[in-house]
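Okay, so here's the structure we're looking at.
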Amino acid sequence: MNSKSNDAILDIQDLKMYFPVTRGLLRRKVADVKAVDGVTFKLKQDETLGLVGESGCGKTTVGRCVLGLYKPTGGKIFFEDEDIATFSEKKLREIRSKMALIFQDPYSSLDPRQSAGSIVGEPLKIHHLVLSKGEYRDKVDQLFSIVGLDSSMTDRFPHEFSGGQRQRIGVARALACDPDLIVCDEPISALDVSIQAQIINLLEELQGSSKKLSYLFIAHDLSVVKHISDRVAVMYLGRIVEICSSKELYDNPLHPYTRALLSAIPIPDPFVEETRERIILKGEVPSPLNPPPGCSFHPRCFMAIPECSQALPPLRDIGDGHEVACIRV
Amino acid sequence: MAELLRVNNLVTQFKTESGLVKAVDGISYYIDEQEIIGLVGESGCGKSVSQLSVMQLISAPGEIAGGEVIFEGQNLLNYHANGPEMRSIRGAKIAMIFQEPMTSLNPVLTLGRQLTEMLQLHLKMNDDAARKRAVELMSMVGIPSAESRIDDYPHHFSGGMRQRIMIAMSLSCNPKIIIADEPTTSLDVTTQAQLMELMKDMVERFHTSLVIVTHNLGVVARYAQRIYIMYAGRIVESGTIKDIFGTPRHPYTIGLLKCIPRLDEEEGTKLVPINGLPPNLINMPSTCAFLPRCSYRLDKCSREPWPPMTAIDGNHYIRCYADTKEK
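Just so you know, the protein sequences line up as chains A and V, in that order. Numbering-wise (my numbering), the first sequence opens with residue 1417 and increments by one. Numbering-wise (my numbering), the second sequence opens with residue 2 and increments by one.
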């Protein structure tokens, strides 16, 4: 199989990440939590892929594997045509200047004792991207103005900023090394409604002006993910159950979980709400320690038939890059 | 339907070292029997504090500085917060569901203890009857094998299950009103939908009124009949859901609706953020609090104090001088 492809900046093949569950004095391994179990997708340059699912579905773990923060149990992660899953810590450090992370909580992801300017400038120093102090200062000022902060604020400390401004600092830090890929892990869910739009628009503008920036956008809020993404992958219990363009996701969702997820999100418009399909799922997400046999969604599925519990349905392409893992569609 | 609760000019303030914070600054609203209303706003707009004031659960340095809360012909604010009258209403006639299902149950008491406490206190049930009723309530809110789980502790349950217990608890004394303060915010999307449907079914079955306090406009669009939009301690717009979502008229409401992504939007839709930040509530000026962020502002707005709530159409009220109809 030819594993390399030229247009994809990120090509993940059969990614697996198991966390051992240990017990007793000798820390015997008694089981695995299969947080990510066979995830495959590609992310093109200048594209935004949304990764959506409920807590515990493994979306954050995928993001962390991509950044090399976890050593995957199995599978390949091609970043710019190199399999970084096999990289040593030293080689990873080099490649990390091309990728960045924006965290969920702007209150805990900034060091309270570090000035805003030094938070944003630290990656420049670590990756030796500036040669002089003057160049460093210019670059930090420039990053501040890119994200819409005043460069006179570089000496302030995180507590002097509002939540939205802090997240802008987080974005500026992510941009410092001029990365090709930014993993955004729930970047707006800790912000107030009227501030969320500011950050979403900022991320969109940055991508528009750079022409080469790709986002892996991880979030639980499907309406936000759909808004910002070109394509969306829906995850359930460590696997992708459906992946397609964000337009197709709303117009033609096929997997019963995707349909339930969509119907669970109310649209702020009572006229539309009156006519919408409502699917209320039974039960809760099962533990990834002991997932149900076959399709892991079948115990909660309103379309399940006996065959669903027998074999794991593979993701199959039903045309135009719309892939779904369900035997009933 | 007859009116059940009316709040008039409620003011709740906090005396802090840096100044007086009027968290709730003269709000008035009502709720009819068997009605579901939504109280919507961003964090710090006073929506939770207003509801805690109705329940008289405000502790120092906060104080209820004025207004009235009329319930069953009586002004609840005349009662002492810890007096027998208020205690017989709080939890029994007006119940509350809190945001954090993880922290609002007592971790060292079994669910049975926590559920039966209400029944014994308010309805004077004996041990056996209360336990039987508690099991009934638990199965009613969808807890499987309630009989055997009643002696479990809160940590045995997931967040969604704990919130079901909170719903069961709030229903236990057949209240007239349930106040749900961000009831599903910390939960997963499909669990949120399950619980909102459960609450809707339950209030219909028990003929209860429901106040949904939330920042999520989608939730109120789906479940509420009338909405109050709050900003900086005041209600800025109120009306039926069709008024508010169909013809929003206050600049803040208009802004909110334009800045949230919708599932059914056209591809390439741009969000229009509201510029600036919500105000700091310390020592607020008497002019409109939304003025610094408003795109419809008039000269009058910076000279005159906030206008009162003015009817524009039937039951649709706004607190604004500007004519927002044109844009």
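Just so you know, even glycine gets a beta-carbon here, dropped at the ideal spot from N, CA and C.
- Arg-223/V places its beta carbon 8 Å or farther from that of Gly-240/V.
- By the CB criterion at 8 Å, Asp-1462/A and Ser-1630/A fall inside the cutoff.
- Val-1449/A places its beta carbon 8 Å or farther from that of Ile-1656/A.
- Between Gln-100/V and chain A, the shortest Cβ-Cβ separation is not below 8 Å.
- Taking 4 residues as the minimum length, the alpha helix (DSSP H) runs contained wholly in the stretch 242–324 of chain V are 242–247, 252–260 and 300–304, in order along the chain.
- CA-CA distance, Ser-296/V to Ala-1592/A, rounds to 34 Å.
- When Pro-145/V, Tyr-229/V, Gln-14/V and His-208/V are compared, the shortest CA-CA separation from Val-25/V is found for Gln-14/V.
- Rounded to whole angstroms, the Cβ separation of Leu-1465/A and Ala-1635/A is 12 Å, and the two are not in contact under 8 Å.
- For Ser-1630/A, there is no enclosing alpha helix (DSSP H); the residue is part of the beta strand (DSSP E) that begins and ends at 1630–1635.
- Within chain V, not a single residue places a beta-carbon under 7 Å from that of Val-1648/A; the smallest gap is close to 11 Å.
- Among the residues facing chain A, Ser-149/V is not included, as its CB has no counterpart in that chain under 8 Å away.
- Neighbours of Gln-195/V in chain A, taken as residues at a C-beta separation under 8 Å, are given in chain order as Ile-1696 and Leu-1697.
- By the beta-carbon neighbour count (other beta carbons within 10 angstroms, threshold 16), Arg-1439/A is exposed.
- The criterion of a C-beta distance shorter than 8 Å is satisfied by Val-1536/A and Ala-1588/A.
- Cβ atoms of Pro-1686/A and Leu-218/V stay farther apart than 8 Å, at about 10 Å.
- Val-1609/A and Gln-1520/A have their alpha carbons spaced roughly 15 Å apart.
- DSSP, read as helix, strand or coil, puts Cys-1481/A in helix.
- Annotated three-state conformation of Glu-118/V is helix, per DSSP.
- When the five nearest sequence neighbours on each side are left out, the beta carbons in the same chain lying within less than 6 Å of the beta carbon of Phe-72/V are those of Leu-6, in order along the chain.
- Here Leu-264/V is near Lys-1642/A, since their CB atoms are less than 8 Å apart.
- Per the coordinates, the alpha-carbon of Tyr-1666/A lies some 17 Å from the alpha-carbon of Glu-1690/A.
- Counting every other CB atom within 10 Å of its CB across the protein chains shown gives Gly-1550/A a total below 16, marking it as exposed.
- Here the C-alpha atom of Asp-1566/A lies approximately 23 Å from the C-alpha atom of Cys-1600/A.
- Annotated three-state conformation of Asp-129/V is helix, per DSSP.
- The C-beta distance from Met-167/V to Phe-99/V rounds to 7 Å, short enough to meet the 8 Å contact threshold.
- Annotation for Glu-4/V: Tyr-31 and Asp-33 place their beta carbon closer than 7 Å to its own, counting only its chain and skipping 5 residues before and after.
- Between the alpha carbons of Gly-68/V and Glu-1576/A lies a distance of about 36 Å.
- The shortest C-alpha to C-alpha distance from Lys-1492/A to any of Lys-1458/A, Pro-1522/A and Lys-1506/A is the one to Lys-1458/A.
- Going by beta carbons, Ala-194/V and Leu-116/V fall outside the 8 Å limit.
- Taking C-beta atoms as the reference points, Val-1446/A and Val-1452/A fail to come closer than 8 Å.
- In the three-state reduction of the DSSP assignment, Ile-1604/A falls in the coil class, being assigned neither a helical nor a strand state.
- Pairing Ile-59/V with Lys-48/V, the inter-Cα distance amounts to about 13 Å.
- Taking a Cβ-Cβ cut-off of 9 Å, the neighbours of Gly-161/V in chain A comprise Glu-1700, given in sequence order.
- Between the beta-carbon of Val-55/V and that of Val-8/V there is about 7 Å, and that keeps the pair under the 8 Å contact cut.
- Of all C-beta pairs linking the stretch 167–186 of chain V to the stretch 195–210 of chain V, three or more are shorter than 8 Å, placing the two stretches in contact.
- The alpha-carbon of Ser-287/V is positioned some 29 Å away from that of Ile-242/V.
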